[in-house]
Amino acid sequence: MQRSNPVPAAPAEAGSPPLSAGNPSHLTAGGGPAAWLGILTHPLFLRLASIVTVMAAWEYAGRVPISPAFPTFLETMGALGGLIADGTLIEAFWITLQPLVIGLLASVTIGVAFGVTMGLNRLAEWLVSPIFIIAQSAPLAALIPILTFAYGIGLTSKVMTVCIMAMPVIVLNSLNAVRHTPVSLLEMGRSFLGSRRQIIWKVILPAAAPVIFAGLRLGCAAGFIGVILAELLITPTGIGDIITYNQSIAEYPKMYAAIFSIIVFSVLFIEALERLEVTMFRPEKRAAR
Amino acid sequence: MSAVAATVSASAAAMVRVDSLSKVYPGGVEALNSVSIDFPEGQLTTLLGPSGCGKTTLLKIIAGLLPASQGSVQVDGRPVTGPGPERAFVFQDFALMPWASVLRNVGFGLELRGVARSEREAVAEKYIIQVGLAGFEHAYPHELSGGMRQRVGLARALAVNAKVLLLDEPFSAVDEQTRRKFQEDLLQLVAQERKTFIFVTHSIEEAVYVSDRIVLLSRRPSRVSSIVEPAIPRDGGTEEIRRNPVYLDTVEEIWQSLRQYLD
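Next up, the structure:
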């Protein structure tokens, strides 16, 4: 889990380059051992090899079997195909995505706004940051029963669960990003007569964007954890329902298929967020490719 | 303010006038102690002194980036209360925006002043060519060498057409060969542009090579220790200046007066 550090010091390089990176000439080179070495060390090949190895290990462990409740990879993929074909999975995602999307939108907008405000204003920081520092270190899943007590078992509680998981890291990363704007860039803005507003929009926010986005990636990943926790702990709905139900009737391939699908979805979502960052906010990274 | 009126006639050609300036940092560190210097118009004046002597502090007060504790600074007859359009700053660490192209970085001073895009890009283009970066308009800072980055910083300062250029150890982060080339280019720039340059360095050779006047500052809290005006003919080539006996003597003289501040 390369994204486990909550406040990365140098997040700009933390993300992995896209699969198309690297030298494509390896693939077009002619025969001979050198060409084979080129293919074997190509980033795309190595990434595929890593995935295939895990899947093969899964298949082997399922065939041993290490537990009667552990299906093989192929059984799981078969169950996944079935869930997609009969529409169960699509429906489940539709239900799960509601609290997730609402919670993430709220966390991202409120979180970035709070973090940036605190980064620009010491008084706001002293007033607000202790809440988020505590929230980040506390085991927030323990609050879920209280949320259920306060907001019932409906959508609200699930949205709140996503928010308490996602928001602290987004707020604290935004705060740190703004606070660590290089002093010389701030002096440059002032000496070339930038107004406070211009300096915030043209210097501070672009300089903070990489760390803010690192926080968004971590926050969104935490939001995925939050929504699944909510669906397992509050009331089983959506993906959580498929997992709980199929566990209870010992349909393990379907249970694992649901888990697999939400993991894949989460990874693709975070990757898309990174693409969005580079396309919209990082012209220098685009130029480097 | 009455002291200003008394000294106006004494040197009418002073573009920047620093008058009994003191700076005490919060926490009690005394950086400057009653410093008074006149910087003549159209000349390059260097602030030279032992490291940590407050050269950069003085430059940033002139730039309006730091408030003075006591005393005053006047630029072109007006007291300094903050940054102004008649001054432009060149930063030791370049202070370029990594997300912006060379063209946008150079035009950024104009962008902040609300100059229209086509106009500021035309001006930026002109100065990019002047500092020798033609062809790099659309490159990003991380694609440039240290020396090229500082050329971007210099072009940005030139583009706002300020009367006073403030250079804070601009060559200290570039390698020795690039540095020498820079010093030569700086001499040319001073001759070409009718601007007042205030230059901070800790290199004695560099100061003697590029300066019309050198202000030697003492150790903290800084005072003006002495003022040297190297009388070296600038019309000869680079090699002539560096081998000129006056150049060598001035370097030695300054070293002798600065070594007392070293332990």
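Protein chains in written order, with this note's numbering: chain A, 11 to 299; chain B, 68 to 330. The beta carbon of each residue, even a glycine, is placed where N, CA and C say it ideally should be. Remember, predicted model here, so these are calculated numbers, not experimental data.
- Around the beta carbon of ARG218/B, 16 or more other beta carbons lie within 10 angstroms, which makes this residue buried.
- Non-local C-beta neighbours of THR191/A in its own chain, meaning closer than 6 angstroms and more than five positions away in sequence, comprise ILE214, ALA217, ordered along the chain.
- Under DSSP, ASP235/B takes part in a beta bridge, and its partners are VAL267/B.
- Distance between THR123/B and LYS230/B, taken at the CA atoms: about 20 angstroms.
- Interface annotation for the stretch 169 to 186 of chain B against chain A: PHE175, GLY176, LEU179, ARG180, criterion Cβ-Cβ distance under 7 angstroms.
- Of all residues in the stretch 218 to 230 of chain B, the ones placed with a Cβ closer than 7 angstroms to any Cβ belonging to chain A are VAL227, in chain order.
- From the beta-carbon of ASP160/B, the residues of chain A found nearer than 7 angstroms are SER194.
- Residue range 243 to 259 is occupied by the alpha helix (DSSP H) that includes THR245/B.
- Each of VAL277/A, GLN257/A, SER276/A was checked against the Cα of PRO78/A, and the nearest Cα belongs to GLN257/A.
- Sixteen is the threshold: since fewer than 16 other Cβ atoms of the shown chains lie within 10 Å of the Cβ of MET290/A, the residue is exposed.
- Interface criterion not met: the Cβ of TYR92/B is under 8 angstroms from no Cβ in chain A.
- At least one CB atom of chain A sits nearer than 8 angstroms to the CB of MET164/B.
- For LEU88/B, the three-state secondary structure derived from DSSP is strand.
- DSSP places ILE281/B inside the beta strand (DSSP E), whose first and last residues are 280 to 284.
- Within the model, the alpha-carbon separation for VAL142/B versus GLY109/B is close to 13 angstroms.
- Check the Cα spacing between ARG292/A and each of ILE222/A, THR254/A, ALA268/A: the tightest is with ILE222/A.
- Under the three-state reduction of DSSP output, ALA231/A falls in the helix class.
- Taking one beta carbon from each stretch, the stretch 123 to 133 of chain B and the stretch 98 to 105 of chain B have 3 or more pairs nearer than 8 angstroms; the two touch.
- In the structure shown, the three-state DSSP call for ILE244/A is coil.
- Under the 8 angstroms criterion on CB atoms, PHE202/A is classed as interfacial with respect to chain B.
- For PRO150/B, the C-beta contacts it makes with chain A under 7 angstroms involve ARG200, SER201, LEU203, in order along the chain.
- Counting the other CB atoms within 10 Å of its CB gives LYS264/A a total of 16 or more, which places it among the buried residues.
- DSSP places VAL313/B in the helix class (H, G or I) of the three-state scheme.
- Beta-bridge analysis with DSSP links ILE104/B to VAL85/B.
- The beta carbon of GLN137/B sits closer than 6 angstroms to those of SER89, all from its chain and outside the five residues before and after it, given in chain order.
- Look at GLN146/A: its C-beta is not under 8 angstroms from any C-beta on chain B.
- Residues of chain B whose Cβ lies closer than 9 angstroms to the Cβ of GLU287/A do not exist; the shortest such Cβ separation is about 12 angstroms.
- LEU165/A places its beta carbon 8 angstroms or farther from that of CYS230/A.
- Not one beta carbon of chain B lies nearer than 8 angstroms to the beta carbon of PRO178/A.
- When C-beta atoms of the stretch 235 to 247 of chain A are compared with those of the stretch 131 to 144 of chain A, fewer than three pairs fall below 8 angstroms, so the two segments do not count as touching.
- The C-alpha of GLU204/B is placed about 38 angstroms away from the C-alpha of ARG310/B.
- Annotation: the continuous beta strand (DSSP E) that includes ARG154/B extends over 154 to 157.
- Ranking GLY125/A, SER167/A, LEU203/A, SER139/A by CA distance to the CA of LEU185/A puts GLY125/A first.
- Taking C-beta separations shorter than 7 angstroms and ignoring five residues to either side along the sequence, the partners of LEU111/B in its chain run VAL257, PHE264, PHE266, VAL277, SER278, ASP279, following chain order.
- Interface criterion met: the Cβ of LEU132/B is under 8 angstroms from a Cβ in chain A.
- Under the 8 angstroms criterion on CB atoms, ARG206/A is classed as non-interfacial with respect to chain B.
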